[in-house]
Amino acid sequence: MKQKHRINPPLSGAFALAAATVLGFCTSAYAQSNGPDRNIAQRGHYLAIAADCAACHTAPGSTQPFAGGYGIASPLGSIYSTNITPSKEHGIGNYTEKEFAHALREGIRRDGAHLYPAMPYTSYTKLTDDDVHALYVYFMSEVKPVESTPQKTALPFPYNIRASMGIWNALFLDDTRFRPDPSKSAEVNRGHYLSYALAHCDTCHTPRNAMMAEKGASPLAGASLSSWYAPNITSDPVSGIGGWSSEDLFRYLKTGDVPGKAQAGGPMAEAIEHSFQYLDDADIRAMVSYIKQVPAISDSKDKAARESYGKASGRESVYRGLPANRISRGEYLFSGECAACHRPTGQGSPDGYYPQLFHNTAVGAPIADNLITTILMGVRREVNGHTTYMPGFGPGSYVDSLSDQDIADISNYVEQNFGNPNVRVTPDDVKLIRSGGPKPLIARLGALTVPAIIVALAGLALAIFFFIRLSRKAKA
Amino acid sequence: MAKPDFTSSGDVSADVVVVGSGVVGGMVANELAAAGHSVVILEAGLRLKRAEYVENWRNMSFHNRLHSDFQGLYPQSPLAQAPLYFPPNDYVGLSGPNGSAFKQGYLRTVGGTTWHWAASCWRHLPSDFEMKSRYGVGRDWAISYDELEPFYCRAEEEMGVSGPHDKALQSPQERSRPYPRDMIPFGYGDRRVAEIVNPHGFHLVPIPQGRSMEPFGDRPACCGNNNCQPICPIGAMYNGIQHIEKAESKGAVTIAEAVVYRIDTDENNRVTAVHWYDAHRQSHKATGKTFVLACNGIETPRLLLLAANARNPNGIANSSDQVGRNMMDHSGVHASFLANEPLWFGRGPAQSSCIVGPRDGDFRRDYSANKMILNNISRVAPATEQALKLGLVGKELDDEIRRRAACGVDLSISLEPLPDPENRLTLSKTRKDPLGLACPDIHYDVGDYVRKGLNAVTTQVKEIAGLMGGTELRITTDYNANNHIMGGTIMGRDPKDSVVDGNCRAHDHANLWIPGGGAMPSASVVNTTLSMAALGLKAADSIKAAFARGQA
Numbered sequence: 001m002k003q004k005h006r007i008n009p010p011l012s013g014a015f016a017l018a019a020a021t022v023l024g025f026c027t028s029a030y031a032q033s034n035g036p037d038r039n040i041a042q043r044g045h046y047l048a049i050a051a052d053c054a055a056c057h058t059a060p061g062s063t064q065p066f067a068g069g070y071g072i073a074s075p076l077g078s079i080y081s082t083n084i085t086p087s088k089e090h091g092i093g094n095y096t097e098k099e100f101a102h103a104l105r106e107g108i109r110r111d112g113a114h115l116y117p118a119m120p121y122t123s124y125t126k127l128t129d130d131d132v133h134a135l136y137v138y139f140m141s142e143v144k145p146v147e148s149t150p151q152k153t154a155l156p157f158p159y160n161i162r163a164s165m166g167i168w169n170a171l172f173l174d175d176t177r178f179r180p181d182p183s184k185s186a187e188v189n190r191g192h193y194l195s196y197a198l199a200h201c202d203t204c205h206t207p208r209n210a211m212m213a214e215k216g217a218s219p220l221a222g223a224s225l226s227s228w229y230a231p232n233i234t235s236d237p238v239s240g241i242g243g244w245s246s247e248d249l250f251r252y253l254k255t256g257d258v259p260g261k262a263q264a265g266g267p268m269a270e271a272i273e274h275s276f277q278y279l280d281d282a283d284i285r286a287m288v289s290y291i292k293q294v295p296a297i298s299d300s301k302d303k304a305a306r307e308s309y310g311k312a313s314g315r316e317s318v319y320r321g322l323p324a325n326r327i328s329r330g331e332y333l334f335s336g337e338c339a340a341c342h343r344p345t346g347q348g349s350p351d352g353y354y355p356q357l358f359h360n361t362a363v364g365a366p367i368a369d370n371l372i373t374t375i376l377m378g379v380r381r382e383v384n385g386h387t388t389y390m391p392g393f394g395p396g397s398y399v400d401s402l403s404d405q406d407i408a409d410i411s412n413y414v415e416q417n418f419g420n421p422n423v424r425v426t427p428d429d430v431k432l433i434r435s436g437g438p439k440p441l442i443a444r445l446g447a448l449t450v451p452a453i454i455v456a457l458a459g460l461a462l463a464i465f466f467f468i469r470l471s472r473k474a475k476a
Numbered sequence: 001m002a003k004p005d006f007t008s009s010g011d012v013s014a015d016v017v018v019v020g021s022g023v024v025g026g027m028v029a030n031e032l033a034a035a036g037h038s039v040v041i042l043e044a045g046l047r048l049k050r051a052e053y054v055e056n057w058r059n060m061s062f063h064n065r066l067h068s069d070f071q072g073l074y075p076q077s078p079l080a081q082a083p084l085y086f087p088p089n090d091y092v093g094l095s096g097p098n099g100s101a102f103k104q105g106y107l108r109t110v111g112g113t114t115w116h117w118a119a120s121c122w123r124h125l126p127s128d129f130e131m132k133s134r135y136g137v138g139r140d141w142a143i144s145y146d147e148l149e150p151f152y153c154r155a156e157e158e159m160g161v162s163g164p165h166d167k168a169l170q171s172p173q174e175r176s177r178p179y180p181r182d183m184i185p186f187g188y189g190d191r192r193v194a195e196i197v198n199p200h201g202f203h204l205v206p207i208p209q210g211r212s213m214e215p216f217g218d219r220p221a222c223c224g225n226n227n228c229q230p231i232c233p234i235g236a237m238y239n240g241i242q243h244i245e246k247a248e249s250k251g252a253v254t255i256a257e258a259v260v261y262r263i264d265t266d267e268n269n270r271v272t273a274v275h276w277y278d279a280h281r282q283s284h285k286a287t288g289k290t291f292v293l294a295c296n297g298i299e300t301p302r303l304l305l306l307a308a309n310a311r312n313p314n315g316i317a318n319s320s321d322q323v324g325r326n327m328m329d330h331s332g333v334h335a336s337f338l339a340n341e342p343l344w345f346g347r348g349p350a351q352s353s354c355i356v357g358p359r360d361g362d363f364r365r366d367y368s369a370n371k372m373i374l375n376n377i378s379r380v381a382p383a384t385e386q387a388l389k390l391g392l393v394g395k396e397l398d399d400e401i402r403r404r405a406a407c408g409v410d411l412s413i414s415l416e417p418l419p420d421p422e423n424r425l426t427l428s429k430t431r432k433d434p435l436g437l438a439c440p441d442i443h444y445d446v447g448d449y450v451r452k453g454l455n456a457v458t459t460q461v462k463e464i465a466g467l468m469g470g471t472e473l474r475i476t477t478d479y480n481a482n483n484h485i486m487g488g489t490i491m492g493r494d495p496k497d498s499v500v501d502g503n504c505r506a507h508d509h510a511n512l513w514i515p516g517g518g519a520m521p522s523a524s525v526v527n528t529t530l531s532m533a534a535l536g537l538k539a540a541d542s543i544k545a546a547f548a549r550g551q552a
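So the protein sequences, as listed, match chains A and B.
Those letters in the first sequence? Residues 1 to 476, per full-length UniProt numbering, in order.
Those letters in the second sequence? Residues 1 to 552, per full-length UniProt numbering, in order.
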């Protein structure tokens with residue numbers, strides 16, 4: 001069972017001292033600090049949880065925190081997280097605080113090499129100096145050094161040219177700190193800081209352009225994320241989560257389960273499992289306050305909120321007893337593969353362990369990606385020491401290994417009976433999800449086109465650079 | 001990843017050829033594929049989806065469900081029959097004083113019979129390995145409990161077994177490692193019966209089970225559908241198909257609808273190839289370095305006899321004339337009664353707890369041990385049948401069904417036959433399967449050892465029913481089969497009176513292993529699957545060692 005760390009919230013300093021005294025049990029064998037530094041390290045620990053460093057830097061099931069080795073699926077290939085323990089040889093033990101900050105905010109390693117933005121430095125760059133300091137103290141003094149180097153990232157050419165990220169950063173990295181908006185409440189500002197600088201919600205939920213940079217014009221409007229889809233979480237009542245109450249959002253972030261609305265799977269389940277469930281209630285409420293006032297972005301194709309679709313089915317009395325060739329294949333497979341848990345009615349189990357299928361965002365969404373991915377890969381979420389698990393139906397499944405056609409048939413039956421009747425799923429859709437989801441332009445282009453684009457962008461970046469220098473000179 | 005080589009005509013060659021795709025074949029294939037060997041698995045039956053079995057079961061008639069038709073929902077390959085009883089297909093011809101006690105329900109399908117088992121994962125007791133030297137009856141194994149114990153541990157880990165961490169509830173208590181998961185918690189009925197009967201020496205313990213209350217790796221948690229038999233609808237129960245899939249992920253290839261019928265041997269009596277018929281009755285050949293037969297207790301001896309060749313005229317591995325002899329099963333009876341209080345059996349998995357007090361003791365010199373499973377399959381169906389017979393209607397009928405379902409107790413009692421060479425599987429002279437291969441005939445007599453054991457059972461059951469205020473006590477009069485088929489390829493140290501050695505390697509053929517229930521020289525009273533799996537893992541280790549020595 002995961003050890004639950006309850007540490008004083010960084011942004012509500014009033015509790016800090018009292019909590020630090022109460023929470024003396026957090027002292028680790030590797031702690032070199034004491035007194036005020038202890039408090040800073042504890043705050044850094046909390047920040048590391050809020051920033052969800054472990055989601056990528058601790059391999060799933062590993063007993064070695066922050067030793068890296070988790071292959072993050074990207075459209076360009078797997079990007080392996082690195083060892084960020086204070087090991088001098090294998091980790092970040094030799095990093096000065098300045099070098100640490102440089103990696104965190106600008107995505108540049110101690111040796112000068114560029115990180116890929118799978119490491120969300122584009123969000124962490126918003127961190128305050130105090131918080132970067134606290135994170136540094138935590139990693140250096142409280143994290144156990146692990147003396148091993150995980151698998152190295154080896155993207156195919158041309159994406160293996162890390163220097164190209166310098167150009168990318170010049171174009172897309174907004175390297176500035178978080179600035180509170182004086183027109184908003186302190187709580188909304190705190191939520192904004194938590195959501196961006198730490199939880200980096202935008203990394204998944206903000207759509208990206210052809211070069212995989214976040215589109216500044218549509219923050220949190222929803223984006224494809226390999227096989228999963230991170231939905232629109234703006235305040236739009238139809239396309240986003242405007243219809244959710246604060247209590248719904250709070251419960252979702254704390255547990256990943258809001259019966260009759262949504263259950264977290266995939267990377268969102270990981271974020272809840274590793275990060276949100278451990279955050280202070282006040283911090284979660286601040287994030288809710290912030291999310292609820294994010295400007296609505298609406299998609300005119302969306303006719304109703306994703307959680308509003310569907311109703312219980314009475315079909316079993318129609319098909320029970322009929323031979324397989326007398327009912328649709330989708331209905332047959334749904335009954336045999338799904339209905340034992342979700343029930344033929346789609347109502348799920350009374351305790352909610354098996355969620356209901358109607359009034360369910362994964363089923364009612366305008367695209368079926370999350371439904372297909374859930375069927376293929378299942379759901380696993382450990383909250384409060386209790387694991388919620390749905391097995392996937394991909395290769396080697398403990399239930400059944402289903403084909404693209406099988407999953408398309410089941411998905412269409414589920415959409416028609418419990419979800420968004422406008423959604424149609426083809427075996428090719430399933431095949432695409434199985435192979436890692438839709439790829440952005442940069443990943444679809446051939447090995448020759450991308451260097452050409454990089455050269456062109458380099459020229460563009462240089463031009464912008466000189467233009468800015470010139471205009472600054474002109475102003476001076 | 002090592003892969004078998006296929007020719008354009010459909011022949012295949014591999015380091016290891018495994019015949020049979022059940023729990024034993026799957027585990028052996030997985031071990032050897034993991035060790036880097038190319039593996040091909042030949043399975044006589046079909047490969048179908050779980051959903052198909054689930055829907056067939058749900059669509060089955062009340063009569064078949066009530067009388068436990070666990071075979072009928074599994075579609076059979078037209079060329080590879082297995083027993084059916086609704087109505088009987090007489091694929092296995094039964095004779096002898098207790099022929100009807102050998103109506104086995106086994107599957108010929110990819111994944112094997114653990115599709116419809118109850119996932120009970122018992123170990124034999126140390127004494128079960130030494131029946132002859134301790135009690136002067138039956139046979140000793142060629143290996144001791146201690147030699148098999150590490151493989152019991154590994155089998156439990158492979159199958160994700162939940163069993164009691166409390167030593168007092170373990171049977172046996174001799175263990176080198178804990179169960180991978182703690183016991184499935186007792187239901188109300190189990191707890192209540194334990195309170196009542198345990199003070200009288202009956203010792204109700206949890207059944208170790210191949211399922212768990214939390215996910216076991218990628219296997220989902222059991223949620224108590226209560227129809228483990230004949231199909232777990234959600235994959236929470238261990239099924240042999242899970243090891244087939246694991247083996248395949250490591251390069252093993254399974255060929256379904258491949259009925260093996262012939263075995264080639266060379267001048268040193270090493271096996272060189274097996275031949276199979278495909279779904280179109282075309283014959284193909286699988287050559288290999290090592291061969292494993294894992295077709296369960298009836299099809300393995302049948303194949304060995306069918307495959308007799310010039311050098312082995314009595315059948316493969318049969319110089320001892322013991323192939324097909326010593327056939328055993330836990331011939332059993334059912335005892336049912338209505339307790340004087342509601343116990344609500346039928347919640348959770350199909351089997352939950354078991355009385356093991358009479359599992360061992362010096363009495364075994366004279367008569368059979370027994371174990372009594374507190375059957376946890378819902379009592380609603382039998383309660384309904386009984387209430388309907390009373391001629392009730394309306395609310396009275398509902399109330400009576402409810403009362404009988406709540407208070408009904410069913411004990412599934414297993415006895416221990418001794419290995420008897422006269423209990424024998426032979427090839428039918430008259431009945432052939434659709435490929436023209438002889439069907440199996442089995443002559444069976446439970447023996448006086450079991451009959452005397454049943455007298456003790458009757459006394460014990462009456463005491464238990466009495467303690468529970470039982471009425472309508474019924475003990476079945478015919479022995480029933482329990483699908484725990486043993487003995488037909490019996491293990492021993494002496495090649496003159498046994499078929500395989502302590503590693504389940506055939507005495508007659510240096511590169512042929514025959515692991516599984518057929519090797520077991522004593523039946524004990526407990527379900528055989530875990531012992532079969534442990535023997536399979538031990539065989540796999542000995543095959544790996546033989547490869548390492550260049551002898552495989």
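Quick reminder that beta carbons are idealized off the backbone N, C-alpha and C, glycines included.
Among the options, the one whose alpha carbon lies nearest that of residue i
i	options	result
A142/B	K544/B, V499/B, A510/B, N511/B	V499/B
L415/B	D398/B, R451/B, V393/B	R451/B
G297/B	G105/B, R311/B, I543/B	G105/B
H200/B	A247/B, M468/B, I514/B, T528/B	M468/B
T471/B	P126/B, C407/B, V526/B	C407/B
W168/A	G346/A, C201/A, P145/A, I108/A	I108/A
Own chain partners of residue i with C-beta closer than 6 Å, once the 5 adjacent residues on each side are dropped
i	result
G352/A	P259
P427/A	D404, Q405, A408
V425/A	A368, A408, S411, N412
Proximity test, residue i beta-carbon vs the ligand ADP heavy atom, cut-off 7 Å
i	result
T63/A	With respect to the ligand ADP, the structure offers nothing, as it holds no ligand at all.
Sequence-distant residues of its chain with Cβ nearer than 7 Å to residue i (five each side left out)
i	result
S133/B	D140
Q460/B	P358
A465/B	F337, L473
Q367/B	According to the sequence displayed, residue 367/B carries Tyr and not Gln. Y449, K452, G453, A456, listed in sequence order.
A519/B	T489, I490, M491, V500, C504, L535
Under 8 Å from the C-beta of residue i: neighbouring residues of chain A
i	result
P220/B	Y389, M390, P391, Y398, V399
P87/B	Ordered by position in chain A, no residue passes the 8 Å Cβ test against P87/B, which lies about 20 Å from the chain.
Chain B contact residues for residue i, given Cβ-Cβ distances below 8 Å
i	result
A340/A	V54, N225, P233, I234
Y332/A	A51, E55
R320/A	R58, N59
E273/A	Ordered by position in chain B, no residue passes the 8 Å Cβ test against E273/A, which lies about 14 Å from the chain.
CB contact flag (residue i, residue j, <8 Å)
i	j	result
residue 593/B	V193/B	Chain B is shown only over 1 to 552; residue 593/B falls outside these bounds and no answer can be derived.
S95/B	I244/B	no
Same chain, Cβ closer than 8 Å to residue i, five either side skipped, listed in chain order
i	result
G138/B	M131, K132, L418, P419, P521, S522
Neighbouring residues, chain A, relative to residue i (Cβ below 7 Å)
i	result
E214/B	T387
Q242/B	Y398
Per-residue contacts from residue i into chain B (C-beta, under 7 Å)
i	result
S335/A	E55
Practice task
Please list the residues of the segment 244-259 of chain B that have a C-beta atom closer than 9 Å to any C-beta atom in chain A, keeping them in chain order.
Solution key: From the segment 244-259 of chain B, only E245, K246, E248, S249 have a Cβ closer than 9 Å to chain A.
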